[in-house]
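Residue numbers (the UniProt record's numbering), protein chains in the order written: chain A, 1 to 297; chain B, 1 to 297; chain C, 1 to 297; chain D, 1 to 297.
Protein chains: 4
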Amino acid sequence: MGKKQYRNWQAKLHEVIYGADTPAGKLFDVVLLIVIIASIVLVMLESVRSIDEKYHDFLNISEWIITVLFTIEYILRIISVKKPLKYITSFYGIVDLLSTLPKYISLIFPGTHALVALRALRLLRVFRILKLARFLGASIHLGTAIKASRAKIFVFLFAVIIAATIFGTIMYLVEGEASGFDNIPKSIYWSIVTLTTVGFGDIAPVTPLGQFIASLIMILGYGIIAVPTGIVSAEYTRKVNMDNQLAANAAANAAHETATVNEVDLNTKSCRNCTADNHKDKAEFCYKCGHYLPSKR
Amino acid sequence: MGKKQYRNWQAKLHEVIYGADTPAGKLFDVVLLIVIIASIVLVMLESVRSIDEKYHDFLNISEWIITVLFTIEYILRIISVKKPLKYITSFYGIVDLLSTLPKYISLIFPGTHALVALRALRLLRVFRILKLARFLGASIHLGTAIKASRAKIFVFLFAVIIAATIFGTIMYLVEGEASGFDNIPKSIYWSIVTLTTVGFGDIAPVTPLGQFIASLIMILGYGIIAVPTGIVSAEYTRKVNMDNQLAANAAANAAHETATVNEVDLNTKSCRNCTADNHKDKAEFCYKCGHYLPSKR
Amino acid sequence: MGKKQYRNWQAKLHEVIYGADTPAGKLFDVVLLIVIIASIVLVMLESVRSIDEKYHDFLNISEWIITVLFTIEYILRIISVKKPLKYITSFYGIVDLLSTLPKYISLIFPGTHALVALRALRLLRVFRILKLARFLGASIHLGTAIKASRAKIFVFLFAVIIAATIFGTIMYLVEGEASGFDNIPKSIYWSIVTLTTVGFGDIAPVTPLGQFIASLIMILGYGIIAVPTGIVSAEYTRKVNMDNQLAANAAANAAHETATVNEVDLNTKSCRNCTADNHKDKAEFCYKCGHYLPSKR
Amino acid sequence: MGKKQYRNWQAKLHEVIYGADTPAGKLFDVVLLIVIIASIVLVMLESVRSIDEKYHDFLNISEWIITVLFTIEYILRIISVKKPLKYITSFYGIVDLLSTLPKYISLIFPGTHALVALRALRLLRVFRILKLARFLGASIHLGTAIKASRAKIFVFLFAVIIAATIFGTIMYLVEGEASGFDNIPKSIYWSIVTLTTVGFGDIAPVTPLGQFIASLIMILGYGIIAVPTGIVSAEYTRKVNMDNQLAANAAANAAHETATVNEVDLNTKSCRNCTADNHKDKAEFCYKCGHYLPSKR
Numbered sequence: 001m002g003k004k005q006y007r008n009w010q011a012k013l014h015e016v017i018y019g020a021d022t023p024a025g026k027l028f029d030v031v032l033l034i035v036i037i038a039s040i041v042l043v044m045l046e047s048v049r050s051i052d053e054k055y056h057d058f059l060n061i062s063e064w065i066i067t068v069l070f071t072i073e074y075i076l077r078i079i080s081v082k083k084p085l086k087y088i089t090s091f092y093g094i095v096d097l098l099s100t101l102p103k104y105i106s107l108i109f110p111g112t113h114a115l116v117a118l119r120a121l122r123l124l125r126v127f128r129i130l131k132l133a134r135f136l137g138a139s140i141h142l143g144t145a146i147k148a149s150r151a152k153i154f155v156f157l158f159a160v161i162i163a164a165t166i167f168g169t170i171m172y173l174v175e176g177e178a179s180g181f182d183n184i185p186k187s188i189y190w191s192i193v194t195l196t197t198v199g200f201g202d203i204a205p206v207t208p209l210g211q212f213i214a215s216l217i218m219i220l221g222y223g224i225i226a227v228p229t230g231i232v233s234a235e236y237t238r239k240v241n242m243d244n245q246l247a248a249n250a251a252a253n254a255a256h257e258t259a260t261v262n263e264v265d266l267n268t269k270s271c272r273n274c275t276a277d278n279h280k281d282k283a284e285f286c287y288k289c290g291h292y293l294p295s296k297r
Numbered sequence: 001m002g003k004k005q006y007r008n009w010q011a012k013l014h015e016v017i018y019g020a021d022t023p024a025g026k027l028f029d030v031v032l033l034i035v036i037i038a039s040i041v042l043v044m045l046e047s048v049r050s051i052d053e054k055y056h057d058f059l060n061i062s063e064w065i066i067t068v069l070f071t072i073e074y075i076l077r078i079i080s081v082k083k084p085l086k087y088i089t090s091f092y093g094i095v096d097l098l099s100t101l102p103k104y105i106s107l108i109f110p111g112t113h114a115l116v117a118l119r120a121l122r123l124l125r126v127f128r129i130l131k132l133a134r135f136l137g138a139s140i141h142l143g144t145a146i147k148a149s150r151a152k153i154f155v156f157l158f159a160v161i162i163a164a165t166i167f168g169t170i171m172y173l174v175e176g177e178a179s180g181f182d183n184i185p186k187s188i189y190w191s192i193v194t195l196t197t198v199g200f201g202d203i204a205p206v207t208p209l210g211q212f213i214a215s216l217i218m219i220l221g222y223g224i225i226a227v228p229t230g231i232v233s234a235e236y237t238r239k240v241n242m243d244n245q246l247a248a249n250a251a252a253n254a255a256h257e258t259a260t261v262n263e264v265d266l267n268t269k270s271c272r273n274c275t276a277d278n279h280k281d282k283a284e285f286c287y288k289c290g291h292y293l294p295s296k297r
Numbered sequence: 001m002g003k004k005q006y007r008n009w010q011a012k013l014h015e016v017i018y019g020a021d022t023p024a025g026k027l028f029d030v031v032l033l034i035v036i037i038a039s040i041v042l043v044m045l046e047s048v049r050s051i052d053e054k055y056h057d058f059l060n061i062s063e064w065i066i067t068v069l070f071t072i073e074y075i076l077r078i079i080s081v082k083k084p085l086k087y088i089t090s091f092y093g094i095v096d097l098l099s100t101l102p103k104y105i106s107l108i109f110p111g112t113h114a115l116v117a118l119r120a121l122r123l124l125r126v127f128r129i130l131k132l133a134r135f136l137g138a139s140i141h142l143g144t145a146i147k148a149s150r151a152k153i154f155v156f157l158f159a160v161i162i163a164a165t166i167f168g169t170i171m172y173l174v175e176g177e178a179s180g181f182d183n184i185p186k187s188i189y190w191s192i193v194t195l196t197t198v199g200f201g202d203i204a205p206v207t208p209l210g211q212f213i214a215s216l217i218m219i220l221g222y223g224i225i226a227v228p229t230g231i232v233s234a235e236y237t238r239k240v241n242m243d244n245q246l247a248a249n250a251a252a253n254a255a256h257e258t259a260t261v262n263e264v265d266l267n268t269k270s271c272r273n274c275t276a277d278n279h280k281d282k283a284e285f286c287y288k289c290g291h292y293l294p295s296k297r
Numbered sequence: 001m002g003k004k005q006y007r008n009w010q011a012k013l014h015e016v017i018y019g020a021d022t023p024a025g026k027l028f029d030v031v032l033l034i035v036i037i038a039s040i041v042l043v044m045l046e047s048v049r050s051i052d053e054k055y056h057d058f059l060n061i062s063e064w065i066i067t068v069l070f071t072i073e074y075i076l077r078i079i080s081v082k083k084p085l086k087y088i089t090s091f092y093g094i095v096d097l098l099s100t101l102p103k104y105i106s107l108i109f110p111g112t113h114a115l116v117a118l119r120a121l122r123l124l125r126v127f128r129i130l131k132l133a134r135f136l137g138a139s140i141h142l143g144t145a146i147k148a149s150r151a152k153i154f155v156f157l158f159a160v161i162i163a164a165t166i167f168g169t170i171m172y173l174v175e176g177e178a179s180g181f182d183n184i185p186k187s188i189y190w191s192i193v194t195l196t197t198v199g200f201g202d203i204a205p206v207t208p209l210g211q212f213i214a215s216l217i218m219i220l221g222y223g224i225i226a227v228p229t230g231i232v233s234a235e236y237t238r239k240v241n242m243d244n245q246l247a248a249n250a251a252a253n254a255a256h257e258t259a260t261v262n263e264v265d266l267n268t269k270s271c272r273n274c275t276a277d278n279h280k281d282k283a284e285f286c287y288k289c290g291h292y293l294p295s296k297r
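Here's what the structure looks like:
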C-alpha cells in the first residue's frame, strides 16, 4: 500500500511492534520474549516422551494458545508495516511464519508436527530485543572486533575446510571402510571432528599409519586454533585502544583537559589569569586567554 | 545480639576465626585448610568401595572426628560474629552447615550418607584463605580483567546457549531418536558438547545431513572460542598497559620529567637561557633559542 | 629448451596458464578452479557406494572427461614453461601428475582406482589462485604474523611431541595392553589425542593411576594451548600496531600535521603571527606567542 | 674429590661432555642426541609385538649396545664432574641411571624389561642440547612470558582443580555408579576430562540432571580456557613491547636518531648548517649546531 493510505493507527501499531522507544513498545518486546521462551520450553517438554505422555493435553492446548498468539502477531506485523512483502520475504518474516504454520499443517498431516520445533529459530529475535538492553554496550565492541576480522576469519575457515578435505581423502585411502571411513564425505566429517579438537570417537583410525596421520592432523588443529584467537584478540585490542583514544578526546573536550592514557603533555602550569591548566609542555601563553605563562621551572 | 552485649572475648574469637592478620588468625586458617583437605580426601577414599571395605571403621571414625571439629567451628563462627543470622544465611554459612549436617542425618537415614561429599564445597574457602597469600598479587590482575570483561563474556555465553538451543532442535529434527537424539533437551546437551569442542561421542550424528550440520557446528565452535579469549586477553593487556602508564606518570611527576611509556627523549637538561627542557638526548643547543647546552654528563 | 628456441606462442600460453594479469589468464584460473572442485565432488560422490551404484556410468564418464582435461592442462604446462623439468619435479607438478595418472593406471590395475582421490591435493592450487583475489589483503597480516612466530611455534610443537613421547611411554608402562595401550607408538598417539584435547575415547585409561596421569596430561594440554595462541596474537598485535604507525607517519608527512596514533590535539589551526601549529583543540590563543587564534570553525 | 686432585684430563673431559663451545663438545652433544633418539625408536619398535617377534635378536643386541654406551657416558659424567654426588642426585643424573639400569636388572628379573622404556625421559636432554641451537632465540621470549605468568597460571590451574573436585563430587552424587561414576576420584577424573574439553566419552552422564550439570561444566571450561591464553598473550605482548622500546632506545643512542615505533617528532626539517635532521616538531634551532632552522611551513 502506498504512503497515502498508510494510516495513523498503523503508525502507532508499528511503533509498538517494531519500535522499543515507547513504554508500549518495550512492554511488547518483553512480553514477546517471554512467550517465545515459553513456547520453546513447551516444545522441549513435548519432545520428552515420558512428559508428553503425562501432560499431553495440557501441552497441546498451551501449544495452540501460543500458536494463535504468534499468528495474531504475524498478522499485526504484516498490516502495520508499510511494505508487507518486504517483511514477509525477510528472514524474520519467514521464521515467524515457520513458527506458526507447522501446527496448522499438523492438523492435516500429523507427521509434520515435530516441525513445530522450528520456532526455536524465533530465539534469534532475542538478539534484536536485547539490543535495547544494556548488553549492547557490552557486545558492540565484540561485534566490531568480529566484523573487523571477518575477512581474515573467512580465509582461516576456508583453509580449515580445504585441509579437512585433503586429510579426509587421505584418511579414506589409508583407513578405508574397515575402520568406519566408509566414504570421502564421512572421512571429511571425521577430519573436521579432529581438526576442531572435538573428537567424538564415533570414528577413529585403527591402522598405525592412520593414527600417525591423525596425530599430525590433531597437532595441526591444536596449533592453528591459535590463529583465529590471535586475530580476534588483536583486532579487539586495537578497537579498545581506539576507543580509549576517542573517549580520551571526548573527555578532553568535555572536561576541558587532555589527560589521557597516551597523554604526553604532563606539565602542571595553570594560567594565573583564567586558571586554565594542562597547557602544552612548551606553552608560554595561556591557550585560553592568551595571558603570559611564567615558567615555574 | 546487639552491639552492647558484644563482649571482648567475642571480638578476640572473631579476630582469630574471621581475621588473618594475627598469628593466631593465620594459624587457624592454615589448620582449617588442612582439615578441609583431609576431610575431602577421606570422603574420596570412602567413595572407593575396595578401600571403604578395608578401612571402613578407620574412615568412619575419622569422619566423625572431622564432623565434630566442623560442628565446633560452625558454632564458634555463630557466637563470635555480631550478626549470626547474616552468617548462617550467607553462602559460606550454608556450605559450612551442609558439610556437617549429613553425617548426623545419616544416623537416622543411612541412605543420605553420600551427601557428606557435599563438604567438597568447603574447598571454596581455600580461595578466601589463599587471598591472604602471595597469590593475590598474581590473581588481582586476573580478577580485574575477568570482571572488566564479565558483561562481554555473559553476552558471549548467552549467544552460545541460543546457538546450542537452535542447533539442538535442528539436530533433533534431522537425526531423531534412532541416533540417540531422543528429545530436544538431550540434543541441546549434545550441541553444547559439540560447540565447546568437548565431544564425548556418547551421542553422534549418523545421517549424512546430520554429520554435515555437525561439521558446521564444530567449525563454528572452533571459530568462536577465539571470542572470549580475545576479550580477556585484550582487557588484560589494557589493564597491564594502564599499570605501566600509571607507573610511568608517577616516575614522571616524581623525577620532574615527562618520561612516559612513549617517551624517547629522556635527558633532563634544561636551557639556561630559556628554561626550555625536554631536549633531544644528543642536543648540544637549545631547540628553542639556540643557546648552547652544556653537557651535564 | 634454451631461451633461443623459446617461441612467442609459448610466452602467450605461459601468460595465460601461469599468469593472471590478463583477462585470459584470469579466466583460465577461474575455469581451472571450477573444474578442480567439480572433479573433487565427483570423487566424493563416487566414494559413496549407494550413489556410485546408481550413477556409476555417468560418474565414470565425467571422470574421464576431467582426467583428459587435466592431462591436456598438464601437457600445456610442460610445453609452455621454459624449464619443463623444473615444473615436473616441482610440488605442483607432481600433484598435477598424480591427479591424472591413477585413472589411466586403473585401466590396467582396477584396484588402484581409489587413488584418483589424490586429486584432492589439487585443492591446494586454490590458494595460489585466490592469492589473486581480495583475500590477500585479509591474509597477508595473518601470513606475516604466522611467519614471524614460525620458529616459536616450531619450538612449541617440538615440546608437545617430546611431552607426548614421554607421557605415551609412561602410560604404556602404567596401563599396558589390557586397556588398549598395546604398544608405545599407540600410547604416543593416545597422548597426542589427549594433549591436543581431541579425546576420541577409542583408547582411555582404566586404572586409577592411569587416570591420574591422564588428568595431568589434560590439564597440561589445557594450559599450554595458551602458548601458541599467546604467540600469534602478540605477533599479530605487533604487526597491526606497526601498520598503524606507518599509516600515521604517512598521513603526517602527507597532510603536514603530526596526527599520530597517540596524537590527541587534532586541530589544524596555525598561528598567523608565528606559524606555530598543533594547538590544543580548544586553543583560542597561540601557546607560542600569545597571538589570538581565529576559530576556523 | 677436592679442587686439588681435580686433574687436567678431567677438565678436558668435562668440557667435552658438559660444554658445547668446543667442536668436540658440539660433536658429543649431536652424537648423544642421535643415540638417544635411536634408543627410543628401538624401545618403540620392541614394544610392537609383531615387530619384536620378527627382529627380536637384532633389537635386543642393539639395545645392549646402546645400554653399554649409556653406561660409559654415565661413568664418564661421574668421573669428569667435580662434585659427582651432585650429578648423581640431580634430576638428569637419576634419569641417566634409570635409562641404563633396567636393562641390567632385566637379566635377573625379566619382568622388569619394560622399564627400559623409561629412557624416553632422556629426551628431555634434547632441550638442554637444543639450547645451544638457534631455537634459543625463538624460545627465550616464550620462556620469559611463561615465567612472568607462572604465578597467574598456577592460580588458574589451582582454580581448575578445585572446580573439578567440586563438580566431580556433585556428579558422583547425581549420576552414581550406574553411569560409570563409580567413585569420587573417578568423577573428578571425568570432570577434568570435561573441563579441559578433552571429552573421551569413556564416562558420560545419562541422567537429564547430570547432562545439565555437564553442560554447565563444559560451557565453564569453554569460557575459562580464555583465561590462561589471555594471560600469556598479554604478558607476551608486554615483553615484546618492552623489547621494542629497549631496541628503539638503543638504536636512538647508537644511530643518533630517535625514529622509533613510538616516535612522536615527525617533522622533516633538516639543518642547513650541519644537515642534522629529525628535529623536534617545534624546534627553531638545530639541536646539533645551534644554527637557525627556518620553518618550512
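Virtual Cβ for every residue (Gly too), placed ideally from N, Cα, C.
Same chain only: Cβ atoms within 6 Å of residue 10(C), ignoring 5 sequence neighbours per side: Excluding the 5 residues flanking it on each side, residue 10(C) has same chain C-beta neighbours closer than 6 Å at 80, in chain order.
Where the alpha helix (DSSP H) through residue 38(D) begins and ends: Residue 38(D) -> alpha helix (DSSP H) spans 23-47.
Proximal chain A residues relative to residue 50(B), where beta-carbon distance stays under 7 Å: Those within 7 Å of residue 50(B) in chain A number zero; the least Cβ separation is about 29 Å.
Start and end residues, alpha helix (DSSP H) containing residue 107(B): Start and end: 101-108.
Helix, strand or coil at residue 197(D) according to DSSP, with G and I counted as helix: Coil at residue 197(D), not helix or strand.
C-beta atoms of residue 174(A) and residue 201(A) nearer than 8 Å: No, Cβ-Cβ distance for residue 174(A) and residue 201(A) is not below 8 Å.
DSSP state of residue 205(D) mapped onto helix, strand, coil: In this structure, residue 205(D) counts as coil in the three-state DSSP scheme.
Proximal residues, the stretch 215-230 of chain B versus chain A, C-beta separation under 8 Å: Those residues of the stretch 215-230 of chain B that come within reach of chain A (Cβ to Cβ, closer than 8 Å) are 215, 218, 219, 221, 222, 223, 225, 226, 227, 229 and 230.
Minimum C-alpha distance to residue 117(B) - residue among 110(B), 102(B) and 108(B): Answer by Cα proximity: 102(B).
Rounded straight-line distance, which links the Cα of residue 181(A) to that of residue 92(A): For residue 92(A) and residue 181(A), the distance between alpha carbons rounds to 39 Å.
Collapsed DSSP secondary structure at residue 60(D) in the structure displayed: Three-state DSSP puts residue 60(D) in a helix.
Residue-level contact to chain C via CB, residue 202(D), 8 Å cutoff: Chain C, which has a Cβ nearer than 8 Å to the Cβ of residue 202(D), makes this yes.
Three-way DSSP call (helix, strand, coil) for residue 153(C) in this model: Of the three classes helix, strand and coil, the one that applies to residue 153(C) here is helix, per DSSP.
Minimum Cβ-Cβ distance from residue 211(D) to chain G less than 8 Å: Looking at the structure shown, chain G is missing, and the protein chains on hand are A, B, C and D.
Where residue 180(B) sits in the DSSP three-state scheme: Reduced to three states, the DSSP call for residue 180(B) is coil.
Cutoff 8 Å: residue 163(C) Cβ touching any chain A Cβ: So, not an interface residue.
C-alpha distance - residue 83(B) paired with residue 153(A), whole-angstrom precision: Rounded to whole angstroms, the gap between the alpha carbons of residue 83(B) and residue 153(A) is 55 Å.
Residue 186(C) classed as buried or exposed, judged by whether at least 16 other C-beta atoms fall within 10 angstroms: Residue 186(C) comes out buried.
Pair within 8 Å by beta-carbon distance, residue 191(D) and residue 167(D): Yes, the pair counts as a contact, with Cβ atoms nearer than the cut-off.
Nearest candidate by alpha-carbon position, reference residue 68(B), set 49(B), 100(B) and 150(B): Of the candidates 49(B), 100(B) and 150(B), the one whose C-alpha sits nearest the C-alpha of residue 68(B) is 100(B).
Against chain B: residues of the stretch 169-181 of chain D by CB proximity under 7 Å: For the stretch 169-181 of chain D, the residues whose beta carbon sits under 7 Å from a beta carbon of chain B are, in order, 169, 172 and 173.
Close Cβ partners of residue 214(B) (< 7 Å) along its chain, the five nearest in sequence each way excluded: Counting only Cβ-Cβ distances below 7 Å, and skipping sequence neighbours, we find 194 and 205.
Neighbourhood of residue 15(B) by C-beta distance below 7 Å, restricted to the same chain and skipping five residues each side: 22 and 25.
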